[in-house]
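Protein chains in written order, with the numbering used here: chain A, 1 to 173; chain B, 1001 to 1173. Where a beta carbon is used, it is the ideal one built from N, C-alpha and C, also for glycine. Shown next, in structure tokens, is the structure this report addresses.
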DNA sequence: CGATATTTGATATGGTCCATAACAATTATC
DNA sequence: GATAATTGTTATGGACCATATCAAATATCG
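Right, dumping it as structure tokens:
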């Protein structure tokens, strides 16, 4: 539902913050009414998702990992010995689009493609030592900076309830 | 976090559904372990968002309205007399990208740009009669087919709690 | 066995959405 | 009245998503 990632660069310059205010009984043109929009699940869901991704990227800035890259590393670690098709399809990534993603991770020596001896068509995916180390650091960053922020905002119980409902939507809707 | 919109076209042809099963104590290669991925808010959030948008589009197929277009119509209806910049920025749409979106709605006679007499640079946005009628029908479809499905899945109370938490994330994260 | 179909990774390509720079017309500022 | 700022717009590039197609390898079946 709309909702871009742009920062709202306020046109207020630091010096003259009082310029926008009106003198007396004038119409104040600011602040549109969202109305029913704020009750639309899709709208709120998308805005929340953008904020979460944005924060994720900030937390991962030092490691230069996108959400997609992080999810690939996590899945390869948990499922060693799987090929590209299996990893990609589990994440909902189409095989053609997975190639460039892997090229990137492999060029940074975070994971490797290994020709399978059973089926010489497929590439078995594994994390390199550096990949494992980076993933470990990434997990710590996510836990301490990203998810911790959510617990602080929602509380542990609410955060788990939120996750459960979202999973239900993702799986049963 | 990854997660495309593709259908999981199961490679099982209707006739031979038993082909994937193993005979006895062989390794069953199906079903990867999601592991910590299912605890990552960003991952679940994105998957849920895609499902919700997908369902929204199905519900709106007869009216040919995307989530973004619907949100514009809603906002213009609630805030008549605003210009493009105001409507776009409230929705998080950048002005350049808003032009084509409006061109589309205007070409379908759902909304209209009117040169403001106060400031002849800006275009005041209003819904046409057809636009109001279409929006009314869209609201009904969303309420009866889209949001109703969610209430059925989560229950009224949970759905409201979900919306509240998402709004909190969207605004305070 | 051998012809045909299927699978895997890959390339090419097009679409959509998002973001920035730049421009003409108009208005605000000083 | 000169300069700066704003509005809508165009052009353009990037990121992501989706489909068709291909060569190599494998599976299937006559």
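Beta-carbon proximity of residue i to residue j, cut-off 7 angstroms
| i | j | result |
| --- | --- | --- |
| residue 1170 of chain B | residue 149 of chain A | no |
| residue 1107 of chain B | residue 1116 of chain B | no |
| residue 131 of chain A | residue 110 of chain A | yes |
| residue 945 of chain B | residue 1063 of chain B | Given that chain B is displayed from residue 1001 to residue 1173, the structure contains no residue 945 of chain B and the question cannot be resolved. |
| residue 56 of chain A | residue 146 of chain A | yes |
| residue 1083 of chain B | residue 1124 of chain B | yes |
Supposed contact pair residue j and residue i - C-beta distance, whole angstroms, cut 8 angstroms
| i | j | result |
| --- | --- | --- |
| residue 60 of chain A | residue 138 of chain A | 6 angstroms |
| residue 1136 of chain B | residue 1126 of chain B | 16 angstroms between Cβ atoms; not a contact. |
| residue 44 of chain A | residue 1034 of chain B | Going by Cβ atoms, the distance from residue 44 of chain A to residue 1034 of chain B rounds to 25 angstroms, so no, they are not a contact pair. |
| residue 153 of chain A | residue 1172 of chain B | 6 angstroms |
Rounded separation between residue i and residue j - CA only
| i | j | result |
| --- | --- | --- |
| residue 103 of chain A | residue 97 of chain A | 11 angstroms |
| residue 1118 of chain B | residue 158 of chain A | 49 angstroms |
| residue 1054 of chain B | residue 99 of chain A | 26 angstroms |
| residue 156 of chain A | residue 140 of chain A | 18 angstroms |
| residue 49 of chain A | residue 1129 of chain B | 34 angstroms |
| residue 114 of chain A | residue 165 of chain A | 38 angstroms |
| residue 1143 of chain B | residue 105 of chain A | 44 angstroms |
| residue 216 of chain A | residue 51 of chain A | Residue 216 of chain A cannot be examined here, being either before or after the span of chain A that is shown, 1 to 173. |
| residue 160 of chain A | residue 1161 of chain B | 12 angstroms |
| residue 1072 of chain B | residue 120 of chain A | 52 angstroms |
| residue 27 of chain A | residue 68 of chain A | Annotation note: pLDDT 43 at residue 27 of chain A (below 50); position unreliable, no value reported. |
| residue 90 of chain A | residue 1090 of chain B | 36 angstroms |
| residue 1058 of chain B | residue 1092 of chain B | 24 angstroms |
With 16 other Cβ atoms within 10 Å as the buried cut-off, status of residue i
| i | result |
| --- | --- |
| residue 88 of chain A | buried |
| residue 94 of chain A | exposed |
| residue 1031 of chain B | exposed |
| residue 85 of chain A | exposed |
| residue 1012 of chain B | Because the pLDDT of residue 1012 of chain B is 37, which lies under 50, any placement of that residue in the model is unreliable, and the number read from its coordinates should be weighed accordingly. So residue 1012 of chain B ends up on the exposed side. |
Are the region 77-84 of chain A and the region 35-42 of chain A touching, with three or more C-beta to C-beta distances below 8 angstroms? Segments in contact, no.
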